[in-house]
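The sequence shown begins at 65 in the numbering used here and counts up one residue at a time. C-beta atoms are modelled at their ideal positions from N, C-alpha and C, and glycine is treated no differently. Bear in mind that the values here come from a model prediction, so they are computed numbers and not experimental data. See structure below.
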Amino acid sequence: MTDGAPGPTSRTYFSQRLRLHYVDWGNPGKPPLLLIHGGRDHCRNWDWTAAALRDDWHVIAPDLRGHGDSQWSPDGSYTMAGYIYDLAQLIHQQRLAPITIIAHSLGGNIALRYAGVYPDAVVRLAALEGLGPSPQMLAERATKTIAERMDEWIREQRGLAGRLPRRYPSIEDAFHRMQEENPHLTAEQARHLTAHGVNQNEDGTYSWKFDNYVRAWPPYDMSGRDIQLLWSRIACPTLLLYGKESRFGSPAEDGRARPFRHARV
Numbered sequence: 065m066t067d068g069a070p071g072p073t074s075r076t077y078f079s080q081r082l083r084l085h086y087v088d089w090g091n092p093g094k095p096p097l098l099l100i101h102g103g104r105d106h107c108r109n110w111d112w113t114a115a116a117l118r119d120d121w122h123v124i125a126p127d128l129r130g131h132g133d134s135q136w137s138p139d140g141s142y143t144m145a146g147y148i149y150d151l152a153q154l155i156h157q158q159r160l161a162p163i164t165i166i167a168h169s170l171g172g173n174i175a176l177r178y179a180g181v182y183p184d185a186v187v188r189l190a191a192l193e194g195l196g197p198s199p200q201m202l203a204e205r206a207t208k209t210i211a212e213r214m215d216e217w218i219r220e221q222r223g224l225a226g227r228l229p230r231r232y233p234s235i236e237d238a239f240h241r242m243q244e245e246n247p248h249l250t251a252e253q254a255r256h257l258t259a260h261g262v263n264q265n266e267d268g269t270y271s272w273k274f275d276n277y278v279r280a281w282p283p284y285d286m287s288g289r290d291i292q293l294l295w296s297r298i299a300c301p302t303l304l305l306y307g308k309e310s311r312f313g314s315p316a317e318d319g320r321a322r323p324f325r326h327a328r329v
């Protein structure tokens with residue numbers, strides 16, 4: 065970010081005893097706009113979007129639990145119910161409703177479900193890759209018994225327990241890793257995201273801020289029917305975006321957009 069304008073202010077709030085972080089781009093007299101990042105990302109992923117919108121909106125971007133500068137869950141458990149509660153608490157505590165939300169990936173999944181629980185609290189919603197797996201992928205998962213899913217989750221948790229955060233000798237090494245994993249980013253973008261996405265360890269090395277346990281998805285979630293019911297309750301105009309290289313495909317073609325009453329793909 066090199067436009068010379070001041071950056072956002074870091075703030076905190078509490079949810080289920082966790083100290084969670086968000087950035088506030090000011091302009092509280094304008095309509096509130098919430099920007100929610102995806103898995104293993106952080107709130108500063110939205111800096112370019114926030115900078116472009118801050119004159120017309122009161123922009124707030126949270127770090128999800130286990131991400132960025134928010135605390136990690138003590139038990140290493142990350143559920144959709146927990147994420148939704150965190151979002152509900154931020155909106156409730158800061159009195160942001162009615163609010164506009166733009167959210168990506170995991171953040172989109174959270175926002176869409178929240179908007180189904182509280183349809184009057186959201187006036188506009190854009191979700192980028194936020195619908196989750198395609199029906200085909202969900203059908204493949206459904207062939208596994210709960211015992212098989214629990215066993216997979218337990219083994220995955222054990223693996224993560226022994227997986228130490230990767231340490232990079234320098235922030236430059238972390239920057240190169242960011243570029244390798246995200247080839248569409250410019251060098252400036254990759255460097256900015258790296259600077260805000262790592263902590264320096266006591267020995268001088270650098271590690272990503274997110275908790276490794278966020279990689280593990282719980283063996284159970286809301287049923288597909290319940291999720292679709294929440295989607296059908298969303299009362300605001302909704303934009304469902306997906307990328308040309310999306311691994312989940314078009315929600316208009318695979319039926320995921322069907323439950324929405326006011327959605328455009």
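Helix, strand or coil at residue i [DSSP, three-state]
| i | result |
| --- | --- |
| T73 | strand |
| D88 | strand |
| N263 | strand |
| A125 | strand |
| H131 | coil |
| Y25 | Because the chain in this structure spans residues 65 to 329, residue 25 falls outside the shown range and cannot be described. |
| T113 | helix |
| N246 | coil |
| R240 | Before going on, a small fix: residue 240 reads as His here, not Arg. Note: H240 maps to helix in three-state DSSP. |
| Y142 | coil |
| D290 | helix |
| R322 | coil |
| T258 | helix |
| D215 | helix |
| G307 | coil |
| A161 | coil |
| P277 | One detail in the question is off: residue 277 reads as Tyr in this sequence, not Pro. In this structure, Y277 counts as helix in the three-state DSSP scheme. |
| R177 | helix |
| Y147 | helix |
| S296 | helix |
Closest Cα partner of residue i within the set the options
| i | options | result |
| --- | --- | --- |
| R159 | D133, Y77, L128 and G132 | Y77 |
| S137 | R311, C300 and F274 | F274 |
| H168 | D150, L192 and L154 | L192 |
| L98 | Q292, R81, R118 and R83 | R118 |
| Y284 | R320, W295, C300 and T209 | T209 |
| A145 | A161, S134, G171 and Q135 | G171 |
| M242 | N265, M214, W272 and N263 | W272 |
| R289 | A280, P323, A259 and P282 | P323 |
Expected contact under 8 Å - CB spacing of residue i and residue j to nearest Å
| i | j | result |
| --- | --- | --- |
| I165 | L189 | 5 Å |
| P126 | C107 | 6 Å |
| S198 | G307 | Not confirmed; about 14 Å, so no contact. |
| A321 | L304 | 6 Å |
| I155 | I163 | 6 Å |
| Q135 | L84 | 7 Å |
| Y277 | L224 | 6 Å |
| P95 | W121 | 6 Å |
Classification of residue i by the beta-carbon crowding that lies within 10 angstroms, buried from 16 upward
| i | result |
| --- | --- |
| N109 | buried |
| S234 | exposed |
| T207 | exposed |
| G180 | buried |
| L202 | exposed |
| H256 | buried |
| G268 | exposed |
| R177 | buried |
| I100 | buried |
| L151 | buried |
Opposing strand residues paired with residue i [DSSP bridges]
| i | result |
| --- | --- |
| T302 | L189 and A327 |
| A167 | I100 and A191 |
| Y270 | Y232 and Q264 |
| S79 | L82 |
Heavy atom of the ligand MN within 8 Å of residue i beta-carbon
| i | result |
| --- | --- |
| R328 | Among the components of this structure there are no ligands whatsoever, and the ligand MN is therefore not found. |
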